[in-house]
Structures are given as C-alpha cells and as structure tokens.
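Chemist: Would you mind keeping the following structure in view while I ask a few things?
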Amino acid sequence: MTETGPDLRIDRPAETVPQLVVRRVKQAILEGTLAPGRRLTERELMELTGVSRTSIREAVLHLQALGLVETSGKKGVRVAVLGSDDVRQLYEVRAALESEAVSLFVQRATDSEVLELVKLTRPGKSDDDQLASIYHFDELLLAGARNALLASTLAPLHARIHALRRLSLSIPGRRERSDQEYRDLVAAITDRDAARAAQLARHHVEAAKESALAAVAKLEEERASGA
1 MTETGPDLRI DRPAETVPQL VVRRVKQAIL EGTLAPGRRL TERELMELTG VSRTSIREAV
61 LHLQALGLVE TSGKKGVRVA VLGSDDVRQL YEVRAALESE AVSLFVQRAT DSEVLELVKL
121 TRPGKSDDDQ LASIYHFDEL LLAGARNALL ASTLAPLHAR IHALRRLSLS IPGRRERSDQ
181 EYRDLVAAIT DRDAARAAQL ARHHVEAAKE SALAAVAKLE EERASGA
C-alpha cells in the first residue's frame with residue numbers, strides 16, 4: 001500500500017500585493033478620497049497600505065500605465081489632473097470604441113448577460129451604488145462583447161473615465177439624464193437592435209463628455225482663482 005504524504009499545496013492568492021494596492025488606490029480615486037492633484041510619496045503610500053517599497057513601486061508603475069497617477073518630484077506621484085483637452089480626447093476615443101463594444105455585445109452576449117445589464121439600470125439607487133453599477137455595467141459589456149483586444153484597449157480608458165464620473169454626475173440634472181440614457185440603451189440591447197444600441201451608446205458618451213468638460217472647467221477656474 002502506497003503511503004500518502006501530507007498535502008502541502010499552497011492556494012495561489014487571487015491577487016498579488018501590488019495588484020491589491022492598485023485596486024485600493026484606484027477605489028480611493030473613484031470615491032474621491034484621493035482627489036485630483038493629491039501628492040503621494042512612496043513613504044505615505046507604504047504607511048497607508050502597510051506594504052513594502054518594492055510592492056508600492058510596482059503598483060505605481062501600473063497606476064501610471066492606467067493614467068491614474070503621474071510623476072511628481074523625487075520618489076513621488078500625484079493623482080492625475082485631467083485638463084479639458086485630455087477629457088475631450090479621452091471621450092472621443094471612448095465614443096468610437098464603446099459604440100463598437102455595444103454592437104458586439106448585442107450580437108454575442110447571452111440572454112442571461114443581457115438580463116444582468118437590465119438589473120444594473122434599475123432606478124432608486126444612491127450615488128455610490130449608481131457609480132458601482134456603472135462600473136459593473138462596463139465590465140459586463142466588455143465581457144459580453146467577446147473581443148479581448150477591444151477589452152484590453154478600453155480597460156485603461158475606463159479607469160480614467162471612472163475617476164471623472166463623480167465629477168461629471170455632480171453637474172445639475174446629469175444624474176437623471178444619465179440614468180435615462182442607460183435605460184434607453186439597455187432597451188435597445190434587449191431588442192437585439194445593434195445599430196440603435198450603438199447609436200445610443202455614442203449619444204450617451206457625447207452627453208457624458210459635455211458634463212465632464214463642464215466639471216473640469218469649473219475645477220480649472222477654482223484652481224486659477226486659488227479657491
């Protein structure tokens with residue numbers, strides 16, 4: 001009889017330490033806890049997260065690749081500050097790619113994936129819950145489009161856009177209009193009307209761009225006046 005040795009297998013963690021840092025910092029930026037322009041040194045990031053300098057440096061490189069932070073002085077970064085030109089370019093690219101992603105989703109997604117989008121657009125949510133739903137909506141959309149290259153191209157754009165969303169939705173009336181735009185979009189997706197869904201997706205992105213530009217212009221004015 002063969003003797004069975006002890007089970008010494010180690011479960012591989014779902015995320016590495018740098019990936020955890022990226023997720024936590026990204027979440028803080030999305031929630032507004034780390035505001036645009038906030039400076040962060042390596043030491044401060046180590047104290048905030050409780051991880052090593054090596055892990056912080058790896059995480060910072062990834063955050064820079066996502067466009068969420070930028071270099072600021074010796075051994076430090078700051079939360080990215082997007083100007084009007086940055087926002088305009090970002091949303092122009094988003095409009096082109098996201099409308100295609102929506103069209104592919106209509107053609108390739110399962111009925112259960114469509115139903116998940118419907119659930120995410122139900123009204124009556126708090127601002128935080130709504131932002132979380134939009135984040136999940138984007139993830140489901142890219143998964144259902146079944147195009148890995150498109151997903152990898154849009155993912156870093158979405159990271160930067162999510163950081164702008166709280167500002168954009170602060171424009172009076174934008175939250176209500178955005179909710180309706182998502183409901184109209186999901187109705188077209190449910191009908192499996194790829195052309196109309198793509199058109200509505202582009203319309204939504206264009207409307208979001210105008211709100212984001214208005215919010216960023218207001219911030220620029222406040223910074224210029226020293227407010």
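Residues in the sequence shown are numbered from 1 upward in steps of one, following UniProt numbering.
Idealized CB from N, CA, C, for every residue including glycine.
(1) Is the CB-CB distance between V17 and H62 below 8 Å?
(2) Along the alpha helix (DSSP H) that carries R43, what are the first and last residues, could you check?
(3) Could you give the distance in angstroms between the alpha-carbon of L141 and the alpha-carbon of R43?
(4) Please work out which residues of its chain come closer than 7 Å, Cβ to Cβ, to Q144, disregarding the five sequence neighbours upstream and downstream, and give them in chain order.
(5) Do you know whose CA, among S225, L200, L68, lies nearest A35's CA?
(6) Comparing the CB of V25 with every heavy atom of the ligand SAM, is any distance shorter than 7 Å?
(7) Helix or strand or just coil, what does DSSP make of G144?
(8) Can you give me the start and stop residues for the beta strand (DSSP E) that V79 sits inside?
(9) Tell me which same chain residues have a C-beta within less than 8 Å of the C-beta of A65, skipping the five on either side of it?
(10) Give me the residue from E210, E221, K218, Q19 with the minimum Cα distance to A95.
(11) Mind checking whether V205 and L117 have CB atoms under 8 Å apart?
(12) Out of G32, A28, E58, which one is the CA nearest neighbour of L48?
(13) Can you give me the start and stop residues for the beta strand (DSSP E) that E113 sits inside?
(14) Nearest-angstrom Cα distance between E15 and R24?
(15) Keeping to the same chain, check which residues put their C-beta closer than 7 Å to that of R78; ignore five residues upstream and five downstream.
(16) Could you check what DSSP says for T54 in three-state terms: helix, strand or coil?
(17) Please go through the segment 16 to 45 and give each complete beta strand (DSSP E) segment of 3 or more residues, from N-terminal end onward.
(18) Which same chain residues, not among the five before or five after H136, have their C-beta less than 8 Å away from its C-beta?
(19) Given that a residue counts as buried once 16 or more other Cβ atoms are within 10 Å of its Cβ, and exposed if not, what is Q180?
Modeler: The short version:
(1) Locating residue 17 in the sequence shown gives position 17, where the first residue counts as 1. Locating residue 62 in the sequence shown gives position 62, where the first residue counts as 1. Result no, Cβ atoms of V17 and H62 do not sit closer than 8 Å.
(2) Locating residue 43 in the sequence shown gives position 43, counting from the first residue. 42 to 49 is the span of the alpha helix (DSSP H), which, as asked, contains R43.
(3) The count along the sequence shown starts at 1 and reaches residue 141 at position 141. The count along the sequence shown starts at 1 and reaches residue 43 at position 43. Each residue's Cα considered, the two are about 38 Å apart.
(4) For this step, residue 144 is matched to residue 144 along the sequence shown. Before going on, a small fix: residue 144 reads as Gly here, not Gln. F105, R108, A109, E113, listed in sequence order.
(5) As a working mapping, residue 35 is identified with position 35 in the sequence shown. Among S225, L200, L68, the Cα nearest to that of A35 belongs to L68.
(6) Among the components of this structure there are no ligands whatsoever, and the ligand SAM is therefore not found.
(7) Numbered from its first residue, the sequence shown carries residue 144 at position 144. Note: G144 maps to helix in three-state DSSP.
(8) Sequence index remark: in the sequence shown, residue 79 carries index 79 (1-based). 76 to 79 is the extent of the beta strand (DSSP E) around V79.
(9) Taking the first residue of the sequence shown as position 1, residue 65 is located at position 65. The answer, listed in chain order, is P156.
(10) As a first step, residue 95 is located in the sequence shown; it is residue number 95 there, counting from the start. Considering only alpha carbons, the answer is E210.
(11) Numbered from 1 along the sequence shown, position 205 holds the residue referred to as residue 205. Numbered from 1 along the sequence shown, position 117 holds the residue referred to as residue 117. Cβ atoms of V205 and L117: not closer than 8 Å.
(12) As a first step, residue 48 must be located in the sequence shown, where it is residue number 48. Nearest C-alpha to L48: A28.
(13) If you number the sequence shown from 1, residue 113 lands on position 113. No beta strand (DSSP E) contains E113, which is instead part of the alpha helix (DSSP H) from 111 to 120.
(14) Taking the sequence shown and counting its residues from 1, one reaches residue 15 at position 15. Taking the sequence shown and counting its residues from 1, one reaches residue 24 at position 24. One C-alpha to the other measures close to 12 Å.
(15) Mapped onto the sequence shown, residue 78 falls at position 78. Cβ neighbours of R78 beyond the five flanking positions: G37, R38, R39, L40, V69, E70, S72.
(16) As a working note, residue 54 is residue 54 in the sequence shown. Looking at T54 - three-state DSSP - the assignment turns out to be helix.
(17) 39 to 41
(18) Position 136 of the sequence shown, counting from 1, holds the residue named residue 136. For H136, where only same-chain residues beyond five positions count, the Cβ hits under 8 Å are L120.
(19) The residue given as residue 180 occupies position 180 in the sequence shown. Answer is exposed; the Cβ neighbour count stays below 16.
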